[in-house]
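Q: In our numbering, the protein residues as written are 204 to 341.
C-beta atoms are modelled at their ideal positions from N, C-alpha and C, and glycine is treated no differently.
Source: prediction; values computed, not measured.
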Amino acid sequence: MSSVRSQCCWWHFSIAQTPASIAVILFNTDGSENRRYIPIDYLSKEIIPGDKLFTMQGASLYHFGIMTSNVHNAWMRAVCGRLKSDYSYSNTIVYNNFPWPNPSEEQKKKIEQTAQTILDARAKYPESSLADLYDETV
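Here is the structure:
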């Protein structure tokens, strides 16, 4: 893979590199049925994701807000595959077929504000993992 192509498509299998100008949303593709929400994180550009993580390159707070919403979680539970009773998230089945809304600018701002509120609430518990924060039995 040429260095130019590798720079624009860093997620393709080649050299592990992350461009310096993007944020990513990521979450584990295998999850517990015991969680009401998928533990999704909005991370900085320095993170290099592993093979069991789903990523959205260049994601905004709006994307994070939609991915963490009740609507997306209900969609995921309805269409995703299962391993035992746990979900197995797939980009081809769940994400690519998700009916993304077409919000007004005002609605988009509210979604972004809610997404930021989620991140701010998590920041209050820096020692807790996403697994801990989203486990209702803890």
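Assess, as a yes-or-no matter, whether the segment 273-285 is touched by the segment 315-326 under the definition of 3 or more beta carbon pairs within less than 8 Å.
A: No contact exists between the segment 315-326 and the segment 273-285.
Q: For a test of the three-state rule: what should DSSP assign to Gly268, helix, strand or coil?
A: The count along the sequence shown starts at 1 and reaches residue 268 at position 65. Here Gly268 sits in helix by DSSP.
Q: List the endpoints of the continuous alpha helix (DSSP H) containing Thr320.
A: What you label residue 320 is simply residue 117 of the sequence shown in a count that begins at 1. Residues Glu308 to Ala326.
Q: Measure the C-alpha to C-alpha separation of Ser224 and Ala262 and round it to an integer number of angstroms.
A: Walking along the sequence shown from the start, residue 224 turns up at place 21. Walking along the sequence shown from the start, residue 262 turns up at place 59. With a pLDDT of only 41 at Ser224, under 50, the local geometry of the prediction cannot be trusted, and no value is derived from it.
Q: Taking contact to mean at least 3 C-beta pairs separated by less than 8 Å, is the segment 331-340 in contact with the segment 239-254?
A: Contact holds: three or more Cβ-Cβ distances are below 8 Å.
Q: Within 10 angstroms of the Cβ of Leu264, are there 16 or more other Cβ atoms? Answer buried if so, exposed if not.
A: As a first step, residue 264 is located in the sequence shown; it is residue number 61 there, counting from the start. Classification of Leu264: buried, given that the 10 Å Cβ count is 16 or more.
Q: Return the CA-CA distance between Ser288 and Gln310, expressed in angstroms with no decimal places.
A: In the sequence shown, residue 288 corresponds to position 85, counting from 1. In the sequence shown, residue 310 corresponds to position 107, counting from 1. When rounded, the distance between both Cα atoms is 34 Å.
Q: Could you tell me the alpha carbon to alpha carbon distance between Met259 and Ile296, rounded to whole angstroms?
A: Translated into the one-based positions of the sequence shown, residue 259 becomes position 56. Translated into the one-based positions of the sequence shown, residue 296 becomes position 93. If you take the alpha carbons of Met259 and Ile296, they lie about 15 Å apart.
Q: Is it buried or exposed, Gly268, if we count other Cβ atoms within 10 angstroms and call 16 or more buried?
A: What you label residue 268 is simply residue 65 of the sequence shown in a count that begins at 1. With 16 or more Cβ atoms within 10 Å of its Cβ, Gly268 is classed as buried.
Q: Check this for me: beta carbons of Trp278 and Phe301, under 8 Å apart or not?
A: As a first step, residue 278 is located in the sequence shown; it is residue number 75 there, counting from the start. As a first step, residue 301 is located in the sequence shown; it is residue number 98 there, counting from the start. A contact, by the Cβ cut-off of 8 Å.
Q: I need the straight-line Cα distance from Lys327 to Tyr337, nearest angstrom please.
A: Position 124 of the sequence shown, counted from the first residue, corresponds to residue 327. Position 134 of the sequence shown, counted from the first residue, corresponds to residue 337. Their backbone Cα atoms lie some 14 Å apart in a straight line.
Q: What would DSSP say about Tyr290, mapped onto helix, strand or coil?
A: Residue numbering aside, residue 290 sits at position 87 when the sequence shown is read from its first letter. Here Tyr290 sits in strand by DSSP.
Q: Out of Tyr290, Ile250, Met270 and Ala281, which has the shortest C-alpha to C-alpha gap to Glu315?
A: In the sequence shown, the residue the question calls residue 315 occupies position 112. With distances taken between Cα atoms, Glu315 lies closest to Met270.
Q: In whole angstroms, give me the CA-to-CA distance for Pro252 and Tyr290.
A: What you label residue 252 is simply residue 49 of the sequence shown in a count that begins at 1. What you label residue 290 is simply residue 87 of the sequence shown in a count that begins at 1. About 20 Å.
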